[in-house]
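J.: 47 is the number of the first residue of the sequence shown in the numbering used here; add one for each residue after it.
Glycine included, C-beta positions come from ideal geometry on N, C-alpha and C.
The structure that follows is given in the form of structure tokens.
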Amino acid sequence: MGYEYNYDIAGYDFGWDVKSGKFTFEGQDAVLFWISSAMKTFFDTIEEISGEEASNLVFESTGFRQGLVVGQYFEKMKEVNVSEAADMITNTYATAGWGLTIIKDLDFETKTFTAFMKDSWEHKVNVAQGKTKGGSFLPAHYAGVFSGLFGTNIWYKIKQHQLEGHEHSVIEYFPSDVTISDNIHQLARKKESVQIRKLEGLVEEKTAELKELVNKLSSPIIPVLEGVVVVPLIGKYEEDRADQLIVNTLNRLPSYKASYLVLDLTGMDQEIGPHAVSLIEKIGSAARLIGTKTILVGISSTLGIEITQSKINLSKFDCFQTLQHGIHYAIGQMGRKII
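Okay, structure coming up:
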């Protein structure tokens, strides 16, 4: 304990300073982790927190950006060409436990190549995770490496994964407009769209509930005396709400054995159109079919003008200025009076 150990392995320097807890690879601080336990837990935790789609993008983005740093470092070594740099990088990674990677068909003019990867640390992590499809960290990492070496954006297409039973993972690389930033923004927009759709669905659901509640509360049937019911019309009546009012009124009138239906128009919206006038006529006519006479009360000057300008004839209904007058009239017609 307390001694420094240095070893040269395949031309690469490894060093340990046990006393200070320091491990170096090629003179730079490094760390060692067990793949099937510590690294697996690391990947599992990210996926658990972020979800599969987001975590894949995290691994891909991290791999690419780390590779870009490596590629830009080797690109500055003017005495080393791209092919030599590729050999140096893959050999370095092999000694560091990244698995075997062979670069084939490297074409500097078209900036294309194919990578064959075998027994990489990512493959081993995926095996430990019990996955059936390989990850995107290392494929994206080499895209970053060669983006730095070529000085242009390189992207990839996975032809096969070793995890699928092949001897190697095979990845093709080529120049592309695809960028990590674009992918991040695309995922963010996708998540925003999903959230927006959820909110829209919630709004629609709550709107439907509110609409149902309004329909129930805004035009109730109120039995005021035996044989007389009052239905106050409140607010504005669009087609759906008007139809619902007619159905509810006709369905419930027989249970009250009403001889007179008093429609109180006092609370109707001031912006009254032909549709509202038609609603009044429809309710009265439909009520008459089941033996109930209709009385109109609370007709405003605005509604009165709309009625006269419409082609709908409401003269068949008795009209009174106030609800009290209408109820007294209904009682009198039935041969009774309020004492």
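How many whole angstroms separate the CB atoms of G344 and D310, which I take to be in contact at a CB cut-off of 8 Å?
T.: With a Cβ gap of about 5 Å, G344 and D310 count as contacting.
J.: Does L335 come out as helix, strand or coil in the three-state DSSP assignment?
T.: The answer is helix: DSSP assigns L335 an H, G or I state.
J.: Determine the DSSP secondary structure at T108, reduced to helix, strand or coil.
T.: Looking at T108 - three-state DSSP - the assignment turns out to be helix.
J.: Compare the Cα-Cα distances from L369 to each of T295, Q290, V308 and S331 and report the closest residue.
T.: Answer by Cα proximity: V308.
J.: So, does the stretch 90 to 109 touch the stretch 182 to 193, judging by three or more C-beta pairs under 8 Å?
T.: Because the criterion of three Cβ pairs below 8 Å is met, the stretch 90 to 109 and the stretch 182 to 193 touch.
J.: Measuring alpha carbon to alpha carbon, tell me which of V171, F89 and T147 ends up nearest M163.
T.: Among V171, F89 and T147, the Cα nearest to that of M163 belongs to T147.
J.: Taking contact to mean 3 or more Cβ pairs, one atom from each stretch, closer than 8 Å, check whether the stretch 123 to 143 and the stretch 168 to 178 are in contact.
T.: Counting Cβ pairs under 8 Å, fewer than three are found: no touch.
J.: Determine contact between the stretch 246 to 258 and the stretch 356 to 364, defined as no fewer than three beta-carbon pairs at a distance below 8 Å.
T.: Not touching, per the Cβ criterion.
J.: In this structure, what does DSSP give as the bridge partners for G281?
T.: For G281, which the question treats as bridged, DSSP gives the partners M314.
J.: Whole angstroms are fine: how far does the CA of G145 sit from the CA of K65?
T.: Taking the straight line from one Cα to the other gives about 30 Å.
J.: Does the Cβ of P269 have 16 or more other Cβ atoms within 10 Å, making it buried, or fewer, making it exposed?
T.: P269 is exposed by the Cβ-count criterion.
J.: Excluding sequence positions up to five away, which residues of its chain have a Cβ less than 8 Å from the Cβ of R298?
T.: Around R298: I267.
J.: Taking the alpha carbon of G313 as the reference point, which residue from S346, H321 and V293 has its own alpha carbon closest?
T.: Answer by Cα proximity: S346.
J.: Between M85, S129, V77 and E258, which lies nearest to K170 when the distance is taken from Cα to Cα?
T.: Nearest option by C-alpha distance: M85.
J.: Does C365 get closer than 8 Å to chain C when you measure Cβ to Cβ?
T.: In the structure shown, chain C does not exist; there is a single protein chain.
J.: Can you give me the C-alpha to C-alpha distance between E285 and V277, rounded to a whole angstrom?
T.: Approximately 18 Å, taken between the alpha carbons.
J.: Taking C-alpha atoms, which residue in Q112, M123, F89 and T141 lies nearest to Y58?
T.: Nearest option by C-alpha distance: T141.
J.: What distance in whole Å lies between the Cβ atoms of T340 and F363, which are believed to be in contact at a cut-off of 8 Å?
T.: About 5 Å; that satisfies the 8 Å criterion.
J.: From N52, Q118 and A100, pick the residue whose C-alpha is nearest to that of D63; which is it?
T.: Cα-wise, what sits closest to D63 is N52.
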